[in-house]
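Everything below concerns the one structure shown next.
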Amino acid sequence: MGAYRADDDYDYLFKLVLIGDSGVGKSNLLSRFTRNEFSLESKSTIGVEFATRSIRIDDKVVKAQIWDTAGQERYRAITSAYYRGAVGALLVYDVTRHVTFENVERWLKELRDHTDSNIVIMLVGNKSDLRHLRAVNSEDAKTFAEKENMYFMETSALESSNVENAFTEVLTQIHQVVSRKALDVGDDPASLPKGQTINVGNKDDVSAMKKVGCCST
Amino acid sequence: MVKRSEPLRGSINERDHHGYRHQTMKSNSNSNSHSNQEDLKQQDTSSTNSHITTLDSRFNQTLRNVQGLLKGRSFPGKVLITRRSDPPDGAILGSPGVSRSPSEIDSLPNKHMDDPNEDQSHINKPNASTSHNKLKPSMSNPEDRSKEAPRFVMGARATDTARLLKFTKVLGGTTVILDKLRELAWSGVPPYLRPNVWRLLLGYAPPNSDRREGVLRRKRIEYFDCVAQYYDISDNERTDEEINMLRQIAVDCPRTVPDVTFFQQAAVQKSLERILYTWAIRHPASGYVQGINDLATPFLVVFLSEHLEGSIDNWSIADLDPEKISDVEADCYWCLSKLLDGMQDHYTFAQPGIQRLVFKLKELVRRIDEPVAKHIDEQGLEFLQFAFRWFNCLLIREIPFHLVTRLWDTYLAEGDALPDFLVYIFASFLLTWSDKLLKLDFQEMVMFLQHLPTNNWSHQELEMVLSRAFMWHTMFDSCPNHLAT
Chain G
1 MGAYRADDDY
11 DYLFKLVLIG
21 DSGVGKSNLL
31 SRFTRNEFSL
41 ESKSTIGVEF
51 ATRSIRIDDK
61 VVKAQIWDTA
71 GQERYRAITS
81 AYYRGAVGAL
91 LVYDVTRHVT
101 FENVERWLKE
111 LRDHTDSNIV
121 IMLVGNKSDL
131 RHLRAVNSED
141 AKTFAEKENM
151 YFMETSALES
161 SNVENAFTEV
171 LTQIHQVVSR
181 KALDVGDDPA
191 SLPKGQTINV
201 GNKDDVSAMK
211 KVGCCST
Chain H
1 MVKRSEPLRG
11 SINERDHHGY
21 RHQTMKSNSN
31 SNSHSNQEDL
41 KQQDTSSTNS
51 HITTLDSRFN
61 QTLRNVQGLL
71 KGRSFPGKVL
81 ITRRSDPPDG
91 AILGSPGVSR
101 SPSEIDSLPN
111 KHMDDPNEDQ
121 SHINKPNAST
131 SHNKLKPSMS
141 NPEDRSKEAP
151 RFVMGARATD
161 TARLLKFTKV
171 LGGTTVILDK
181 LRELAWSGVP
191 PYLRPNVWRL
201 LLGYAPPNSD
211 RREGVLRRKR
221 IEYFDCVAQY
231 YDISDNERTD
241 EEINMLRQIA
251 VDCPRTVPDV
261 TFFQQAAVQK
271 SLERILYTWA
281 IRHPASGYVQ
291 GINDLATPFL
301 VVFLSEHLEG
311 SIDNWSIADL
321 DPEKISDVEA
331 DCYWCLSKLL
341 DGMQDHYTFA
351 QPGIQRLVFK
361 LKELVRRIDE
371 PVAKHIDEQG
381 LEFLQFAFRW
391 FNCLLIREIP
401 FHLVTRLWDT
411 YLAEGDALPD
421 FLVYIFASFL
431 LTWSDKLLKL
441 DFQEMVMFLQ
451 HLPTNNWSHQ
461 ELEMVLSRAF
471 MWHTMFDSCP
481 NHLAT
């Protein structure tokens, strides 16, 4: 353990989850963000998949550890275990299938049941490129997001529009929350609220927490 | 010790344990003697002896194959490696034409006799070298291969012709002896026999040839009655739940084996949808679960191969008489049902069957390869994080599609014992990369295991996975204490 290579140096590690109905494009959002790839031939996600990417926010390197979950209800028992410790979530629906938007409420409940109340959530209407098939009005989604205290964005993983923005916005907001907290509690990471500590199953459990003694500071 | 409750366990395995225990596990002989005697009583002594000799050499053969793999590693079966060298090899080396019980020669799990149309030369490529290199990620690097001379030659194999003769003989009688068929099929079924063999192994087609046609005809009609009753109705006759399920299936069918263009044909997807929906309605405890769509595909391909010529890349389902499509679809439905009957709790709420097997997998890996198990544990990687999909889709997602039917020959030959045997196959699969895994941290491991480098796998790598699984199964399954925590 311990010997991180240079490209794995980061100041913050944030765990995000991607949730939403089956077939709304979660896996493609993830691959677009982490590898700049999109596949029309992607398979359904079974259980969970995982990818990471580091971005720079202000003068800090923030590493996002993103868990992509299966959309089918049957998998919730398995996937909800991965919500634990998440500090951000992208709740995705498909703008061409209204039912996936109707289910957002259930996903939200699921998420709130399993995560810390400070979690940053962004509602994401994906497949915005399919303009002629649109079934969910942007305004409706925006109103709903405001009511539920979520951020909102429409994306197209296919056209690569807004994907970067959506993830970056979530990470930036988390970063702000963390910085504010760090100020409030006098920069003592140990006194961060318990719920903020991530359990990613890794030894470097430092979500929302500054890496102690990190060389890049 | 021997699980009597598993009548369909390939006789190959069970008898192997006996042969092997009988002669080698002296220290355990007390606990085993009872079941041994019981079994021995059922056979006449002379045939038993020859049987044991052959099985013994068969075991040794597998063992030597695998020894290469484990070179330099300590593993709990050490005692077995040091046992006497095996003259009986000569028995196996005898000409395949010599009359001998057909089942015996062929049971070596690592034989490559599945494809008559496969280039035979590859059969003679040393499996051994694969085993020496198996720990390296560059398994298929030909240079590595040639550097290491094969330390052991595969036991002389029956020629393909001889093997085909055995299949023909087993399949030709008025009643197919399923145990014999299982033993043969375990090592791979010739493609043109696969549809018949699979139908028999799954208990869909009756062993009695006089009844076979009639039963199949009746079952096919029954399936279409079900489709008419459940699928061919309007949405207002469905419950909300059923509509949801149909929607889910419709979302998944176009994403089923998307890398094989054949599955992109609309008619194929429609067939798949009918099969899955009908199955789901008739199995309400689980209903449709994502991944079951994958499980239907080997059946589709195999049963269509009876009617379509050439490579799957050139198949067009439109060329097929609708009646034939119906038969294929019905066979797929029933075979999928039979397969899933043995794994019902894999797909019910919270999927307890899978969770249980994942737990067993973790235990087995710990027993076989302590360093890897420890590393995985220290990195905080949960087996569920990678092995869930393996169990859920029976490895279809992890290997190239052209190898799947061969893998399924072994699955179906295992019959009711399949779920437990999966644990051994998956342990063997995982430990193909044991050296690589030791070098990876948590995140690297998760990502590596999500996209394992099997793209260039040939039958050879798959056979090695199965051979090792067979050997570990032989070593551990008869000695549950090895696996106790």
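Going line by line, the protein sequences match chains G and H. Sequential numbering from 1 applies to the first sequence in the UniProt record's numbering. Sequential numbering from 1 applies to the second sequence in the UniProt record's numbering. Glycine residues also receive a C-beta, built at the ideal position from the N, C-alpha and C atoms. Just so you know, these numbers come straight off a predicted model, no measurement behind them.
Inset, instruction - Consider the Cβ of S22(G): report whether some Cβ of chain H lies at a distance smaller than 8 Å. - result: yes
Legend entry - C-alpha distance - E169(G) paired with E102(G), whole-angstrom precision: 24 Å
Inset, instruction - Pick out whichever of Y192(H), V251(H), Y411(H) has its Cα sitting closest to the Cα of L336(H). - result: Y411(H)
Inset, instruction - Return the CA-CA distance between S458(H) and L403(H), expressed in angstroms with no decimal places. - result: 7 Å
Legend entry - Helix, strand or coil at I368(H) [DSSP, three-state]: helix
Legend entry - Residues bridged to N165(G) [DSSP beta-bridge criterion]: According to DSSP, which records beta bridges pairwise, N165(G) is partnered with nothing at all.
Inset, instruction - Give the single residue among K63(G), K127(G), N162(G), S161(G) whose Cα lies nearest to the Cα of H175(G). - result: K63(G)
Legend entry - Within chain A, partners of E49(G) - CB distance below 7 Å: Chain labels in this structure do not include chain A; the protein chains are G and H.
Legend entry - Counted within 10 angstroms of its Cβ, other Cβ atoms place D68(G) as buried (16 or more) or exposed: buried
Inset, instruction - Quick one: measure Cβ to Cβ for E273(H) and C253(H), integer angstroms, because I've assumed they're closer than 8 Å. - result: 5 Å
Legend entry - Any C-beta of chain H under 8 Å from that of I78(G): yes
Legend entry - M153(G) - DSSP class collapsed to helix/strand/coil: strand
Legend entry - Cβ distance (whole Å) where I275(H) is taken to contact Y333(H) below 8 Å: 5 Å
Legend entry - Beta carbon proximity, Q72(G) to chain H, threshold 8 Å: yes
Inset, instruction - Only counting runs of 4 or more residues, tell me where the alpha helix (DSSP H) segments fall wholly within the segment 108–135 of chain G, in order along the chain. - result: none
Inset, instruction - Starting from R217(H), follow the alpha helix (DSSP H) in both directions and report where the run begins and ends. - result: 209–226
Inset, instruction - Spell out whether any CB of chain H is found under 8 Å from the CB atom of T96(G). - result: no
Legend entry - Beta-carbon separation (whole angstroms), I354(H) vs S271(H), contact threshold 8 Å: So it is not a contact: roughly 27 Å between Cβ atoms.
Inset, instruction - Give the range of the beta strand (DSSP E) segment to which I19(G) is assigned. - result: 12–20
Inset, instruction - Within the segment 382–446 of chain H, note down every full alpha helix (DSSP H) run reaching 4 residues or more, in order along the chain. - result: 383–393, 401–414, 418–430, 434–438
Legend entry - Local conformation of A89(G) per DSSP, three classes: strand
Legend entry - S179(G) vs S128(G) beta-carbon contact at 8 Å: no
Inset, instruction - Using beta-carbon positions only, say whether A86(G) and I119(G) come within less than 8 Å of one another. - result: yes
Legend entry - Whole-angstrom C-beta distance between V268(H) and W198(H), which should lie under 8 Å: About 19 Å; that fails the 8 Å criterion.
Legend entry - 7 Å Cβ cut-off: residues of chain H touching S44(G): D252, R255, Q290
Inset, instruction - Return no unless some Cβ of chain H is closer than 8 Å to the Cβ of E41(G). - result: yes
Inset, instruction - Taking C-beta pairs closer than 8 Å, name the residues in chain G that V446(H) reaches, listed in chain order. - result: F50
Inset, instruction - Below 8 Å between beta carbons is the criterion; list the residues of the segment 374–406 of chain H that meet it against any residue of chain G, in chain order. - result: E378, Q379, G380, L381, E382, L384, Q385, F388, R389, N392, C393, R397
Legend entry - Residues of its chain near S44(G), where Cβ-Cβ distance is below 6 Å and the 5 sequence neighbours each way are ignored: none
Inset, instruction - Using 10 angstroms around the beta-carbon of L184(H), count the other beta-carbons present and answer buried if the total reaches 16, otherwise exposed. - result: buried
Inset, instruction - With DSSP as the reference, please indicate the residues paired to D94(G) in a beta bridge. - result: N126(G)
Inset, instruction - State the CB to CB distance for the pair L18(G) and I66(G), rounded to an integer number of angstroms; the pair is presumed to be in contact (CB under 8 Å). - result: 6 Å
Inset, instruction - Identify whether residue 488(H) lies in helix, strand or coil by the three-state DSSP scheme. - result: Because chain H is modelled from 1 through 485, residue 488(H) falls outside the range shown and cannot be assessed.
Inset, instruction - Leaving out five residues on either side along the sequence, give the residues of the same chain with a beta carbon under 6 Å from the beta carbon of R73(H). - result: Summary for R73(H): the model assigns pLDDT 41, below 50, so the residue's position carries little reliability; its value from the coordinates is reported in the next sentence. Counting only Cβ-Cβ distances below 6 Å, and skipping sequence neighbours, we find nothing.
Inset, instruction - Out of P298(H), D377(H), L407(H), D420(H), state which residue places its alpha-carbon closest to the alpha-carbon of R356(H). - result: D420(H)
Inset, instruction - Flag A280(H) as yes if its beta-carbon sits less than 8 Å from any beta-carbon of chain G, otherwise no. - result: no
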